[in-house]
Structure formats: structure tokens, C-alpha cells
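Have a look at the structure below before the remarks.
2 protein chains.
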Amino acid sequence: VLIALDAMGGDHAPSEIVAGAILARKERGVESALVGPASLIEKELARHGETPADWQIIHAASAIGMDEHPAQAVRTKRDSSINVAMELVKRGVASAFVSAGNTGAVMASALMTLGRIPGIERPALGTIAPYTERGILVLDVGANADVKPSYMVQFAQMGSIYAERVMGIRNPRVALLNIGSEDTKGSELAQDVFKRLSHAGVNFVGNVEGGDVHRDRADVIVTDGFTGNVAVKVTEGTADFIFRELRKSLTSKLHYKLAALVHARAIKNTLLRANDGAQSGMLDSIRGALGRKTG
Amino acid sequence: VLIALDAMGGDHAPSEIVAGAILARKERGVESALVGPASLIEKELARHGETPADWQIIHAASAIGMDEHPAQAVRTKRDSSINVAMELVKRGVASAFVSAGNTGAVMASALMTLGRIPGIERPALGTIAPYTERGILVLDVGANADVKPSYMVQFAQMGSIYAERVMGIRNPRVALLNIGSEDTKGSELAQDVFKRLSHAGVNFVGNVEGGDVHRDRADVIVTDGFTGNVAVKVTEGTADFIFRELRKSLTSKLHYKLAALVHARAIKNTLLRANDGAQSGMLDSIRGALGRKTG
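Residue numbers (the numbering used here), protein chains in the order written: chain A, 349 to 643; chain B, 349 to 643.
Written as C-alpha cells, this is what we have:
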């Protein structure tokens, strides 16, 4: 199995991406094809003590920035690392593509290059909330601001398969994000989707509420891209707020500061455990807030 | 000014409510009319060392429970504390009504007894997020699962007046909760509301994202009741999750436990400061999580 890796995506690329590829090979035996400007990647590999000839490097002349308009950038920058990597997947050279870069551009490139699964009307963005050990898949978190009920049924079906095959959860519990737990609660859209999910071929366990994104009630939580995006960003904002307030209190007196030094290690342990097996925007935010406030 | 107080609303009512009324009189000179079963209230006042004759007690024979269907309970229990208190406001005896009880029933009773302000199509539920010193008003957080653009414009107008008159914020910044900061982002509904808010007679500062509920970007954040409800409950769930994880780490070794004892006081200070001037479901949850995990 070969993973196409966007060497140009994310903060501190390509340095951190190359470092990650080296770690993945050493610790997990995962082989990556590094996609990006070849000379840059070779230099990074050498800087990390690797022999470039031992690696699969796929040259891509340009990169799409985080602030570029996704669809437009994908159309005009044909030689970008995202487009080139996606081609590797299309041609069967790579089994999957991983990028820490412009999410919208990855989605646009996937749509244009790979197309959609037959019967699936719209793609969805998923994120993994780190509450349970294996994580909770939440989708859609932003690809579709407006949805039809049929899209959400398809999100449920895709999510269920992903949870089973990728996250290793048998017969995953699929729930609908709603504003009450009773069957008859919620918006017209939510009520319509609720009825459809009962015979959608998934293990539908009913409605969950916003707080259940961080509780063990479901393995897959289905929502529209507007609500899902707000949910993810509220999570990030709440984490920032709590750690800001805690930090103000914890550093307000000398003996609190001393105790905080003792705690810094414990807080880092929280992060390491939370990080094991789950990677998501939510987690990144919680980790970011902790790291910034205690590291 | 007399405040009608639902003596039967909330956890540990009437005991905690009566205790609160006594505190409000002592510390802030606020006069409350205690509404509920007279004999019960008199007993509680005596238990707190008060002379019942010094207090305005308005007898209401029954109470609406937290799990009762709001509209139905309001219609059938005419002698409930919520209905009786609302009548005091209607007749001008009380200037306002405060209840920690069944939110839906308070809203239903207000609609039936007081009616709506001319030109306002739907009521909204507001909550105050505790990020800034004076708080950020978020509305609607659950009264309207489905909205029309005109409702949201009215929420903005009501919210702006509330922020100015009640929260004491001059020329409050009103923002629309959306999934991107640019003008053209979001659902069709959000884009429509964005255009209308530019000439709605409020200080409209544009879109904010979910994380901005906990940042200093706006004083009033307008959203539909579905998204707003999810936002509030995600906040609660995130706070629970973070404190659960922190607690696991902080109590994992003896010297962490000792440091946590030192911190308990600092964490309580966080709560007291956060609580000053802002009361909301979000805050309650953060406080609840902290209290449970450290107190």
C-alpha cells in the first residue's frame, strides 16, 4: 500500500510533512509517495539524515495556499501537489491521499479527478471527535451549507461504512444531530431525515443533541454542513475560552504557578492520550489551546 | 421595581430560590414577589430566619415540572407559579419575571399572557456567553427550529435593544452566525439574512463563525433556533469533555493530586469571575463541569 502525501500542505510544510513521513515508515511501516517540488523534498530528506533515493518523490511544481479559492485554484494550478497527488490515486498508483493543506481544494480536486461514487449526490467533510477511544465521526462539517434530506441519508451511509472499515467499529451506531432526543423534535429537515434514516440500511439509533458530539452516544453523527461546521468551530472556541480562563487563574499567584509547573506534564499526557487514534480539527484546537497555554 | 420570582422553578426549589431572593434583597436591594404555594414559601423563609410578613408572597397552588410539555402544561395548569407570576407582569404589579424552571413553559405562558411586541413575528430564546466582561448575547438558541429571514432580522433588533438597555452596551455590535467570514458565505438563508441586516437599523458588523461565540468579535450573535441550540449544547459537551480529560490526568499520580488541591481554589476563582454579570446555560455547564471535577 502506497499513500500519496501532500508535501506542501499545512503549516511548516514541507519540513514537518517530510518528518512525519519518515516517522510513519519507521514506526508503522507506512510507505508514502512525497508529492511536491522534488528539489525541496530532497533537501528536506537529506536534512533529516535520509537518502533521497530511498524515497518515492513525485514532482509537482506548485502548491495551493490555504487562502486560495479552492475550485479556482484546482482548475488553474494543474501542476499543484494536490492535483498531482490526486492523479496518483486515480491511476491506482496510490491507495489514498493525505493532505494537511487547503481542505476545500482537496475536495474540489477529488470531485474533478475522482468523481463521485454512483448514487452519492454530494461529498461530505468528516471530522473525528476524540471522546471515545476510536473517535466519533461527525459529517458533514462544511461541504454543504444547504442540503436535501437525501444527501443526509447518503452521509449516514458513507459515514457508517467509513466507521466500520476505517475506524474498525462493528455495526456502528448512526445518530442524527438534532435539538431534542424525541422522534418528533427539530426542524422540518431533521424530522424528514429522521424518518428516512430508519430504513436506510444503517444502525440508526435516533437523535442526539449538540453535547453528544463529546459523549459516548453514537459512533457516527450526521448533520448538514452548516450546523456541523458551527459545531466544530464552537468546540474550538470553547476550548480556547476555558484554557484562557484557567490560565488566568492558575498563574494568578506564585503557589498556583508552582502547582501549574507540576501539572504541565499531566496536561501533556492528556493530549498524548487524546491524540492516540484520533486526529481532527476539534482535537487540534484542544491541543493547540493546551499547548499554547501550558507549554 | 418589583420582580416576580418563580419560587417553584429549578433544582432545589423552593429552598434555593428563597435563599436567592433573600440574598438579592440584602446585597442589591432587589425586591422579589415570591410566587408559589404560600405555606411552603413561608416555611422556607422562616427556615432562613426571615419573617414571612416582611415578604410579598403570591400564592400559586401548582407548579410545572421540567419534563412537562410546555404549551399543554401552561394551558391546563392555570394556577401554576409560572402562569400566576406572568399575570403579575401583565397587570403591571411586577416589572419582570424570573424563573429557573421549564423554559418552554415560561415562553408559552409569556406568549399566551403577554402576547408579542407589534411587528415581531416570533419570540426568541437568548443566552449569554461569558467570554467578554458584559457577556455576548446569542439568540435564538432554541425557540424556532425553522425560521424565515424576517424572524432573524427581528431577533437582531430585539437583541440589539436588549444588549443596550439590559446589558449596558452602547451601540452593540450585531453579527450573524455563519460558516465563513466573507459576505457571500453560508446557506441561502444566511446569505439572505446578511443582506437584510445591513439596513435593519442595527450596528451590523458582518458574519462571525462558531468559535466567535467565545471570542470578543460581537456583542449580539444572531442565529436560527436550530443552529443556536446546537451551539449551546456543543459548548456544554466540550466543557464536560475537557474537564473529564484534565481530571483523569491531574489525578493520575500523587504529586499531581497534591498540585490539584492547590489549584482547586484558583479554578473556583475562575468561576466566580466568569459568573459575575453573566448567567447562562453555557456558563452553568462550564461551572458545573468545574465544580463536579474539582469541588
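Cβ coordinates follow ideal geometry from the N, Cα and C atoms, glycine included.
Same chain, Cβ closer than 8 Å to residue i, neighbours up to 5 away in sequence not counted
| i | result |
| --- | --- |
| Ser529 (chain B) | Gly554, Asn555, Val556 and Glu557 |
| Lys438 (chain B) | Thr461 and Leu462 |
| His396 (chain B) | Val366, Ala367 and Ile370 |
| Glu379 (chain A) | Val349, Leu350, Ile351, Arg373 and Gln404 |
| Ile517 (chain B) | Arg482, Ala511 and Asp567 |
Same chain, Cβ closer than 7 Å to residue i, five either side skipped, listed in chain order
| i | result |
| --- | --- |
| Arg544 (chain A) | Pro497 and Val501 |
| Arg563 (chain B) | Tyr479 |
| Gly341 (chain B) | Chain B is shown from 349 up to 643; residue 341 (chain B) falls before or after that span and cannot be answered. |
| Met356 (chain A) | Pro362, Gly384, Ala411, Ser429 and Gly449 |
| Ile527 (chain B) | Lys533, Gly534 and Glu557 |
| Ala493 (chain B) | Gly573 and Phe574 |
| Ala538 (chain B) | Leu524 and Asn526 |
| Phe552 (chain A) | Val522, Leu545 and Ser546 |
| Val550 (chain B) | Ala504, Gln505, Ser508 and Val522 |
| Thr424 (chain B) | none |
Neighbourhood of residue i by C-beta, 6 Å cutoff - its chain only, sequence neighbours within 5 removed
| i | result |
| --- | --- |
| Ile405 (chain A) | Leu382, Ala386 and Ile389 |
| Val489 (chain A) | Leu473, Thr475, Gly576, Asn577 and Val580 |
| His407 (chain B) | Ala386 |
| Asp540 (chain B) | Pro497 |
| Met515 (chain A) | Arg482 |
| Arg470 (chain B) | Asn492 and Tyr499 |
| Leu436 (chain A) | Ala352 and Ala442 |
| Asn431 (chain B) | Ser457 |
| Val349 (chain A) | Ser443 |
| Gly413 (chain A) | none |
| Ile468 (chain A) | Gln502 |
| Arg565 (chain A) | Val556 |
| Val495 (chain B) | Asp572 |
| Phe542 (chain A) | Leu524 |
Residue(s) in a DSSP beta bridge with residue i
| i | result |
| --- | --- |
| His407 (chain B) | B:Gly384 |
| Val568 (chain A) | A:Leu485 and A:Val522 |
| Leu353 (chain A) | A:Leu382 and A:Val446 |
| Ser428 (chain A) | A:Ser410 |
| Gly474 (chain B) | B:Leu487 |
| Val556 (chain A) | A:Leu525 |
| Asn577 (chain A) | Partner(s): none; Asn577 (chain A) has no beta bridge. |
| Asn551 (chain B) | B:Arg521 |
Where residue i meets chain C, residues with beta-carbon distance less than 7 Å
| i | result |
| --- | --- |
| Asp494 (chain A) | Going by chain labels, chain C is absent from the structure shown, which instead holds the protein chains A and B. |
Cβ-heavy atom distance, residue i to the ligand ATP, below 6 Å
| i | result |
| --- | --- |
| Gly516 (chain A) | Absent from the structure shown: the ligand ATP. Ligands present: none. |
- Message: Does the stretch 480-488 of chain A come into contact with the stretch 503-512 of chain A, if we say contact requires no fewer than three beta-carbon pairs (one atom in each stretch) closer than 8 Å?
- Response: A contact is defined here as three or more CB-CB pairs under 8 Å, and the stretch 480-488 of chain A meets this definition with respect to the stretch 503-512 of chain A.
- Using a beta-carbon distance cut-off of less than 9 Å, what residues from the stretch 548-563 of chain A approach chain B? From the stretch 548-563 of chain A, only Glu557, Gly558, Gly559, Asp560, Val561, His562 and Arg563 have a Cβ closer than 9 Å to chain B.
- Query: Are the stretch 532-539 of chain A and the stretch 450-468 of chain A in contact at 8 Å, needing three or more beta carbon pairs?
  - Reply: Segments in contact, no.
- Item | Meets three-Cβ-pair contact criterion under 8 Å: the stretch 366-377 of chain B and the stretch 391-399 of chain B | At 8 Å Cβ cutoff, the stretches touch.
- Going along the chain, which residues of the stretch 477-492 of chain B sit with their C-beta nearer than 7 Å to a C-beta in chain A? Those would be Tyr479 and Gly490, in chain order.
- Message: Against chain A, which members of the stretch 435-452 of chain B pass a CB distance test of less than 9 Å?
- Response: Under the 9 Å Cβ criterion, the stretch 435-452 of chain B contributes no residue.
- Task: Can you give me, in chain order, the residues of the stretch 381-395 of chain A that have a beta carbon less than 8 Å from any beta carbon in chain B?
- Result: Under the 8 Å Cβ criterion, the stretch 381-395 of chain A contributes no residue.
- Message: What are the residues in the stretch 406-440 of chain A lying within 7 Å of chain B by C-beta distance?
- Response: When C-beta distances to chain B are compared with 7 Å, every residue of the stretch 406-440 of chain A stays at or above that value.
- Query: the stretch 573-585 of chain A: which residues have C-beta closer than 8 Å to a C-beta of chain B, in chain order?
  - Reply: For the stretch 573-585 of chain A, which is checked against every Cβ of chain B, the residues closer than 8 Å are Gly573, Phe574, Thr575, Asn577, Val578, Ala579, Val580, Lys581, Val582, Thr583, Glu584 and Gly585.
- Message: Can you pull out the residues from the stretch 515-538 of chain A whose beta carbon lies closer than 7 Å to at least one beta carbon of chain B?
- Response: Cβ contacts with chain B: Leu525, Ile527, Gly534, Ser535 and Glu536.
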